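1 is the number of the first residue of the sequence shown in the UniProt record's numbering; add one for each residue after it.
Heads up, the thing below is written out as C-alpha cells.
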Amino acid sequence: RMAAAPPSYCFVAFPPCSKDGLVVFGKNSARPRDEVQEVVYFAAAEHEPGSKVECTYIEIEQVPRTHAVVLSRPSWLWGAEMGANEHGVCVANEAVLTREPASESEALLGMDLVRLGLERGATAKEALDVIVALLEEHGQGGNYYEDGSSCHTFQSAFLIVDRNEAWILETSGKYWAAEKITEGVKCICNQLSLTTKIDAEHPELRNYVKSQGWWNGDSDFNFSEVFSLADDHIACCSGRESLEKQGGDVSAQAMIDVLRDKDSGVCVDSESFLTTASIVSVLPQDPSFPCIHYFTGTPDPSRSIFKPFIFVDDVKLVPKVQSPSFGNDDPAKKIPRFQEKPDRRHELYKAHEWARALLETDQDKGQKLMRIMLDLEKQGLEAMEDILSRTEILDPAEVVDLFYDCVDTELKFFK
Numbered sequence: 001r002m003a004a005a006p007p008s009y010c011f012v013a014f015p016p017c018s019k020d021g022l023v024v025f026g027k028n029s030a031r032p033r034d035e036v037q038e039v040v041y042f043a044a045a046e047h048e049p050g051s052k053v054e055c056t057y058i059e060i061e062q063v064p065r066t067h068a069v070v071l072s073r074p075s076w077l078w079g080a081e082m083g084a085n086e087h088g089v090c091v092a093n094e095a096v097l098t099r100e101p102a103s104e105s106e107a108l109l110g111m112d113l114v115r116l117g118l119e120r121g122a123t124a125k126e127a128l129d130v131i132v133a134l135l136e137e138h139g140q141g142g143n144y145y146e147d148g149s150s151c152h153t154f155q156s157a158f159l160i161v162d163r164n165e166a167w168i169l170e171t172s173g174k175y176w177a178a179e180k181i182t183e184g185v186k187c188i189c190n191q192l193s194l195t196t197k198i199d200a201e202h203p204e205l206r207n208y209v210k211s212q213g214w215w216n217g218d219s220d221f222n223f224s225e226v227f228s229l230a231d232d233h234i235a236c237c238s239g240r241e242s243l244e245k246q247g248g249d250v251s252a253q254a255m256i257d258v259l260r261d262k263d264s265g266v267c268v269d270s271e272s273f274l275t276t277a278s279i280v281s282v283l284p285q286d287p288s289f290p291c292i293h294y295f296t297g298t299p300d301p302s303r304s305i306f307k308p309f310i311f312v313d314d315v316k317l318v319p320k321v322q323s324p325s326f327g328n329d330d331p332a333k334k335i336p337r338f339q340e341k342p343d344r345r346h347e348l349y350k351a352h353e354w355a356r357a358l359l360e361t362d363q364d365k366g367q368k369l370m371r372i373m374l375d376l377e378k379q380g381l382e383a384m385e386d387i388l389s390r391t392e393i394l395d396p397a398e399v400v401d402l403f404y405d406c407v408d409t410e411l412k413f414f415k
C-alpha cells in the first residue's frame, strides 16, 4: 500500500452561503512536520521570446507575460502549495492517490502547476486551461518531499477560484476531469471527489479508462469510482459541515475558525504531518473592491496569525517570511537530490518556534501571548472589513506595506 497522501484541506464558499457578496477561499497545507513554508511575492513581468522557466525539476517554455503572484510554498521548491494572483485568482492543490501509480520521473509537480496556473491565468477557467495544457505537454511526476532516502509521488487535485466561479480539477497522469462551482460550500481533500457531474474533461478520458477495463461504457461515468483506490472513495470533508452551519455568514473569520479546528482533523498535527501553513482569501464579487489574502507563513493555524496582503503596484517585499536562498548550491537542485537538508527557517518561523515552545512549557505566559496575537489578528480583520465596506476607492499607498507591517508587528510581540 502506498504511503498516505498528506491530509490537506481546501475550501470555497459562495454567496448565499458567504457574507456580503464575497467568495471565501481557504486552505490548510499539510506537509512533513519539519518542512518550512515561506510567503513570496513575484511582480508581473514581461519575458523575451523563446525564454525558458526553471520549475522544480524541469525547464519549460516561458510565456510573454506573467501575472503578479503571492505564494505560500515549501521553500525548497519552485511552485507553491497555494497562492493568488493580481486578478483575484486563487489556486490550491491536493496530493491524491489514484489507481494509477504516480510517476517517479521528474516532470512538473502539482505545486509547480499551482504557480504556473496563477502566473498565466487571469480567470479561474484560464488557470485550469493552462494547467491541463501543461499536464498534456510535460506530465506530472517527481519527489513531493525534500527526502533523499525515498521518492514520494502523488497525482494532483486542484481548487481554482476567482470572483465568479470555482473549478475542482482532478488528475491522474495527464488525464483529468473538472467540475464548475458557482454556489454553496465545497471542500476538497486528499482523495478524489468528482463523481458524475463533470463540466470539462480530457478528450480521451473515457476511451482511456475503457481501454484499461476500468469502465464498461454502460453505467454512468463516475470519475472517483473509476480512478480511486478501492478503499478510498468516501466523503472526506469534516470542515464542510461547520461552514454550512454558518448559514449565509461564511466570512474570513469563519474560514479561519474552520482551519484552526483540530478536533475535525482539518488542522493536522500528527506523527508524520503538520499543517505547515494556511491561507484564507476573500474575493468580493464586485470588481471595484480589492481581494484580500491572509497568510500565516508559520505552522499550526491554531497558534498562528493570519496576516492580510492586497495586490498593489510596488507592494513592499517581506524578507522576514522568506527562507534563505542557496542558489545553485541548494541540495534540491543538485543530482542526486536532497543529499543534505539545509536550515531553511526564515525569521518569522524562528520567532514563531520560540512562541510555540512557550505555549508548550508555560501555560500562563503562553495563553497571554496567544491573546495578544489573536487581538492583533482581529485588528487586521476589522481594518480589512472596513476597506470592503467603504464607498470610496482604496488608495494603494494605504496598503503598500500592509503585509510587511503585520509581519513586523508579530515579530515585535515574539521578541
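All C-beta atoms in this analysis are idealised placements derived from N, C-alpha and C, irrespective of residue type, glycine included.
Quick caveat: nothing in here was measured; it's all calculated off a predicted structure.
Rounded to the nearest whole angstrom, the CA to CA distance from A5 to H202 is 24 Å. As the crow flies, the alpha-carbon of V315 is around 6 Å from that of D401. Pairing E146 with H47, the inter-Cα distance amounts to about 30 Å.
Spatial neighbours of S242 in its own chain (CB-CB distance under 6 Å, excluding positions within 5 residues in sequence) are listed in chain order as V258. When secondary structure is reduced to three states using DSSP, S224 falls in the helix class. The closest CA to that of H67, considering only E340, G173, G117, E244, is found on G117. Listed in chain order, the alpha helix (DSSP H) elements of length 4 or more contained wholly in the region 69-114 amount to none. When C-beta atoms of the region 42-59 are compared with those of the region 219-227, fewer than three pairs fall below 8 Å, so the two segments do not count as touching. Contact between the region 351-365 and the region 266-279 is absent: fewer than three C-beta pairs spanning the two stretches fall below 8 Å.
Under the Cβ criterion (8 Å, minimum of three pairs), the region 179-188 counts as touching the region 162-169. Every alpha helix (DSSP H) stretch that sits fully inside the region 160-213 and reaches 4 residues is listed by chain position as 205-211. In terms of Cβ geometry, E106 and A44 do not form a close pair [threshold 8 Å].
Taking a contact to require three or more Cβ pairs closer than 8 Å, the region 251-265 and the region 301-312 qualify as touching. Ranked by how close their Cα comes to the Cα of K333, the residues G88, E59, A277 have E59 in first place. Between G121 and V114, the C-beta spacing is not below 8 Å. The beta carbon of K262 lies closer than 7 Å to those of D269, S302 in the same chain, with the five residues before and after it left out.
Under the criterion of beta carbons closer than 8 Å, V407 and V321 qualify as touching, at roughly 6 Å. In the DSSP secondary-structure assignment, I279 is bridged to K27, F295.
A3: not part of any alpha helix (DSSP H); DSSP gives it neither H nor E.
Annotated as distal: V312 and R163, with beta-carbon spacing of 8 Å or more. Across the structure, K378 and G110 are spaced so that their CA atoms are roughly 33 Å apart. For I60, the enclosing beta strand (DSSP E) begins and ends at 59-61. A direct Cα-Cα distance of roughly 14 Å separates G297 from L317. E347 and I393 have their C-alpha atoms some 34 Å from each other. Just measuring C-alpha positions, the residue of D112, V89, H152 sitting nearest L135 is D112. Bridge partners of Y404 according to DSSP: none are assigned.
Taking C-beta separations shorter than 8 Å and ignoring five residues to either side along the sequence, the partners of P49 in its chain run P64, following chain order.
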